[in-house]
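**Student:** Sharing a structure here in structure tokens format.
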Amino acid sequence: MGQQSNQLSYRVLFRGFSVRFARSVSTKQVSNCCRKYLSSFRDRKRFYKKVDVIETKKGYQVTLDDKTVKTPHGRQLCVPYQPLAAALSVEWDAQEDVIKPAFMHLTALTNTVLDDPLGKTVELRIHEVLEYLLTDTVW
């Protein structure tokens, strides 16, 4: 009986805390704060029909309906090697009704390299990727 009363008191205490916390934070505050972060995680519908690779002076670009793909920072997705561009185009073409970024590993890695969000040197990025590959379960 004593254990049941302890569990009941914990539930009541937790419920009271939850209600007080919920009242102190309005849903408008939460939605405004989280909207910009959650919108990037939402699945988007596939909006293109054709995926191609074109050669330019800078390298190879993946195009969706003849429009170049851009990185999250607005740079053109342009890579120096045709096999890499072909692999990127396969990732984009494999998306069916909904674009699922979680299944586009090469695109994510290429975006990180092109955007350079942390200002890392090429050597440091190569070292980090190689260390990760040693523990990757795909090998």
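Take 1 as the starting number for the sequence shown in our numbering and just add one per residue.
Note that beta-carbon positions come from the ideal geometry of N, C-alpha and C, so glycine has one too.
(1) Which residues in the same chain as K58 place their Cβ atom closer than 7 angstroms to its Cβ, once the five residues preceding and following it in sequence are excluded?
(2) Taking the alpha-carbon positions, what's the L114 to K70 distance?
(3) By the 10 Å Cβ neighbour count, where 16 or more other Cβ atoms means buried, how is L88 classified, buried or exposed?
(4) Taking V51 as part of the beta strand (DSSP E), name the residues at either end of that continuous run.
(5) V98 and R44 - do their beta-carbons sit closer together than 8 angstroms?
(6) Is it true that the CB of R46 sits closer than 8 angstroms to the CB of E128?
**Tutor:** By the coordinates alone:
(1) C78
(2) 10 angstroms
(3) buried
(4) V51 to E55
(5) yes
(6) no
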